[in-house]
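Visitor: Following this message is one structure expressed as structure tokens.
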Amino acid sequence: MNPASAPERAGTATLLQRRQLLCAAVGAGAGLAGTSMPARSTERLQVPIGLGSKGPRPFVGKLLDLIAQAANIEWQPQFVPFARQVLMAERGQCLAFGLSRSEPRELVFEFSEPLFVNHAWLVVRRDKVFNYRGVEDLRDRVLCLPRGVVMGPELEAARGSLIQVKQTDVDIAARVRMVVAGRCDLLLATYRSARPESLARMLGLPPGSASELTYLPKPVEVSPVYLAAARGSDLAQRALPRINIALRQQAKAIEALANSDI
Numbered sequence: 006m007n008p009a010s011a012p013e014r015a016g017t018a019t020l021l022q023r024r025q026l027l028c029a030a031v032g033a034g035a036g037l038a039g040t041s042m043p044a045r046s047t048e049r050l051q052v053p054i055g056l057g058s059k060g061p062r063p064f065v066g067k068l069l070d071l072i073a074q075a076a077n078i079e080w081q082p083q084f085v086p087f088a089r090q091v092l093m094a095e096r097g098q099c100l101a102f103g104l105s106r107s108e109p110r111e112l113v114f115e116f117s118e119p120l121f122v123n124h125a126w127l128v129v130r131r132d133k134v135f136n137y138r139g140v141e142d143l144r145d146r147v148l149c150l151p152r153g154v155v156m157g158p159e160l161e162a163a164r165g166s167l168i169q170v171k172q173t174d175v176d177i178a179a180r181v182r183m184v185v186a187g188r189c190d191l192l193l194a195t196y197r198s199a200r201p202e203s204l205a206r207m208l209g210l211p212p213g214s215a216s217e218l219t220y221l222p223k224p225v226e227v228s229p230v231y232l233a234a235a236r237g238s239d240l241a242q243r244a245l246p247r248i249n250i251a252l253r254q255q256a257k258a259i260e261a262l263a264n265s266d267i
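The numbering of the sequence shown is this note's numbering, which starts it at 6 and goes up by one.
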């Protein structure tokens, strides 16, 4: 066997170094692939989303901006009444914003991770305040509720038996007027804050006894709300995983936003 010349030895050494560098790069890539933080997709995804017929409130707009930024999503808003929004989502035409979970909905929808927590308050005329201890105290009272809205399990179980529900397609301001006019005994107002003064500002109620309406002192329900997509739909498979990652990445910013009065 002839000994290798100096140039040949140099070439062999260079080849070995290249192989070592390649192996190191492959190993590093495998290590990164095993980490829990997925890479941000380079493909910008257009996602139709159902929102209220009057457009999103400032809080909702900023929340969606945070999600879009982290998920590389471009929202395509559909401004429709709530019941229409739910129907469109069932057909796979858009995501539904702000849904709560229930057994019937679980059959037709897949849900994101929670967006934030909603507090549900009973709003009544000041001259008809009562002590609320449970659903039995709502017997024979008429509750104004947006069409398509599902309440929490306890209130839903009492719908039609203890609680009379008047479903409407009007916004919260119109429902407030219905209570003032006596067309309903009370309305269910949801707000992310647990502070009743924040609810009063959201409803536009003047401070103190100047308002014809007031709210019962404690929320009757506290429940998370979600984005929902038709089960097995393209939106469920492509959009929801991105949204869930974005919600985790933006958790602190979303919490700060939810605690603000924006």
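Glycine included, every Cβ here is placed at the ideal spot set by N, Cα and C. Since the structure is predicted, the reported quantities are computational estimates derived from the model, not experimental observations.
(1) Of all the beta strand (DSSP E) runs that stay within the bounds of the region 171-249, which reach a length of 3 or more residues?
(2) Have a look at E111, P201 and Q169 and flag the residue whose alpha-carbon is nearest the alpha-carbon of L191.
(3) Mind checking L136: buried by the 16 CB within 10 Å criterion, or exposed?
(4) Considering only the beta carbon of each residue, do L56 and L232 sit closer than 8 Å?
(5) In whole angstroms, give me the CA-to-CA distance for A179 and D70.
(6) Beta-carbon within less than 6 Å of I267's beta-carbon, same chain only, minus the 5 sequence neighbours each way: which residues are those?
(7) For the candidate residues I54, A263, V140 and R247, whose alpha-carbon lies nearest to that of F87?
(8) Once DSSP output is grouped into helix, strand and coil, what is the label at E48?
(9) Between L68, A205 and S58, which has its C-alpha nearest K257's C-alpha?
(10) Shortest alpha-carbon distance to M156 belongs to which of V175, Q81, S265 and V225?
(11) Does L112 come out as helix, strand or coil in the three-state DSSP assignment?
(12) Tell me, please, which residues DSSP counts as bridged to P53.
(13) What three-state label does DSSP hand Q98 in the structure shown?
(14) Any chance the region 149-165 sits against the region 104-123, with 3 or more Cβ pairs inside 8 Å?
(15) Provide the residue span of the alpha helix (DSSP H) that contains L268, from first to last.
(16) Please report the straight-line C-alpha distance between A234 and A244, rounded to a whole angstrom.
(17) Per DSSP, what kind of secondary structure is V147 in: helix, strand or coil?
(18) Between which two residues does the alpha helix (DSSP H) carrying P63 extend?
(19) Can you tell me which of the three DSSP states L104 falls into?
(20) Can you tell which of L252, N264 and E161 has its C-alpha closest to the C-alpha of L76?
(21) Is it buried or exposed, A261, if we count other Cβ atoms within 10 angstroms and call 16 or more buried?
(22) Would a C-beta distance cut-off of 8 Å place R247 and L112 closer than the cut-off?
(23) Note down, in chain order, each residue of its chain lying with its Cβ closer than 6 Å to the Cβ of A241, except the 5 sequence neighbours on either side.
(24) Looking at C-alpha atoms only, which residue of V185, A205 and D176 is the closest neighbour of P61?
(25) Using 10 angstroms around the beta-carbon of R131, count the other beta-carbons present and answer buried if the total reaches 16, otherwise exposed.
(26) Using the three-state DSSP reduction, which class does I259 fall into: helix, strand or coil?
Guide: Put simply:
(1) Listed in chain order, the beta strand (DSSP E) elements of length 3 or more contained wholly in the region 171-249 are 191-196, 218-220 and 226-235.
(2) L191 has its Cα closest to that of Q169, out of E111, P201 and Q169.
(3) First, the amino acid is wrong: residue 136 is Asn here, not Leu. It counts as exposed.
(4) The beta carbons of L56 and L232 sit no closer together than 8 Å.
(5) Approximately 28 Å, taken between the alpha carbons.
(6) Here the set comprises P63 and F64.
(7) Scanning I54, A263, V140 and R247 for the CA closest to the CA of F87 turns up I54.
(8) DSSP places E48 in coil when its eight states are reduced to three.
(9) Of the candidates L68, A205 and S58, the one whose C-alpha sits nearest the C-alpha of K257 is L68.
(10) A check of alpha carbon separations from M156 across V175, Q81, S265 and V225 identifies V225 as the nearest.
(11) Under the three-state reduction of DSSP output, L112 falls in the helix class.
(12) By DSSP's assignment, P53 forms a beta bridge with Q81.
(13) When secondary structure is reduced to three states using DSSP, Q98 falls in the coil class, being assigned neither helix nor strand.
(14) Three or more Cβ pairs closer than 8 Å define a contact, and the region 149-165 meets that threshold against the region 104-123.
(15) Nothing about residue 268 can be read from this structure; the chain reaches only from 6 to 267.
(16) A234 and A244 have their C-alpha atoms roughly 9 Å apart.
(17) Strand at V147.
(18) In the DSSP assignment, P63 falls within the unbroken alpha helix (DSSP H) covering P63 to A76.
(19) When DSSP states are grouped into helix, strand and coil, L104 belongs to the strand group.
(20) With the sequence shown as reference, residue 76 is identified as Ala, and Leu is not the correct amino acid for it. Comparing Cα-Cα distances from A76 to each of L252, N264 and E161, the minimum goes to L252.
(21) Burial call: exposed.
(22) No, the Cβ-Cβ distance between R247 and L112 is not below 8 Å.
(23) Result list for A241: E115 and A234, in chain order.
(24) Nearest of V185, A205 and D176 to P61, Cα basis: D176.
(25) Result: exposed.
(26) Helix, per DSSP.
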